[in-house]
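Each residue of the sequence shown is one higher than the last, beginning at 8 in the numbering used here.
Even for Gly, the Cβ is constructed at its ideal location relative to N, Cα and C.
Structure first, then comments.
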Amino acid sequence: MRLKNGELIAVSGALDTLSKEKFPIAFSFIVARTLKSIASQVETYGEYRQELIEKYAKRDDDGEKITRDNGITVEMNAGWKEELKELDDLHGDELDGISTKQLIKQCDKGKINIQASVLFGLSSILIDDVETKDEKDGSEE
């Protein structure tokens, strides 16, 4: 599967959270392999995003970036949102997905308790390989 850069950022955060959990070796390997395969893409995305911030940041008379009250958020000039969307919408390299069935199996065994925010972050790379009750019973039409 190929994800957009914006999706990769969400997936990266979710995988990072999962990578801190203890799983059986096979599932840990899948998580680590997937995280490693997107690491350079996420790093490159971050570099280009920073270039856009430098390009579009509003500046004071001394050339310093103007920040909002929180001291972190930089005020941006027109064109920022369009270029960021273009960057977010670019597709990255091919990526293997993670089996939903394997993830559920780990949860059922009590190996992990996954927060909804992590599942949401993973949603772009989860492979739908779980049978519904109707499919198991053979009553699917």
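Rounded to the nearest whole angstrom, the CA to CA distance from Phe-30 to Lys-92 is 36 Å. In this structure, DSSP gives Ser-19 a helical state, which the three-state scheme calls helix.
Below 8 Å, enough C-beta pairs join the segment 93-104 and the segment 115-135 to call them touching: three or more. Take the alpha-carbon of His-98 and the one of Glu-71: they are about 33 Å apart.
Around the Cβ of Gln-57, a 10 Å sphere holds fewer than 16 other Cβ atoms; the residue is exposed. Between Asn-12 and Tyr-52 a beta carbon distance of about 5 Å is seen, short of the 8 Å cut, so the two are scored as contacting. Nearest in C-alpha terms to Ser-47, of all of Asp-100, Gly-86, Gln-113 and Glu-89, is Asp-100. For the segment 79-143, the continuous beta strand (DSSP E) assignments of 3+ residues that do not extend past its boundaries occur at 98-101, in sequence order.
Glu-82 has its alpha-carbon roughly 42 Å from the corresponding atom of Ile-111. Residue nearest to Ala-123 within the set Met-8, Gly-20 and Leu-10 is Gly-20 (criterion: CA-CA distance). Under the DSSP definition of a beta bridge, Arg-9 partners with Glu-101. Annotation for Ile-60: Val-81 place their beta carbon closer than 7 Å to its own, counting only its chain and skipping 5 residues before and after.
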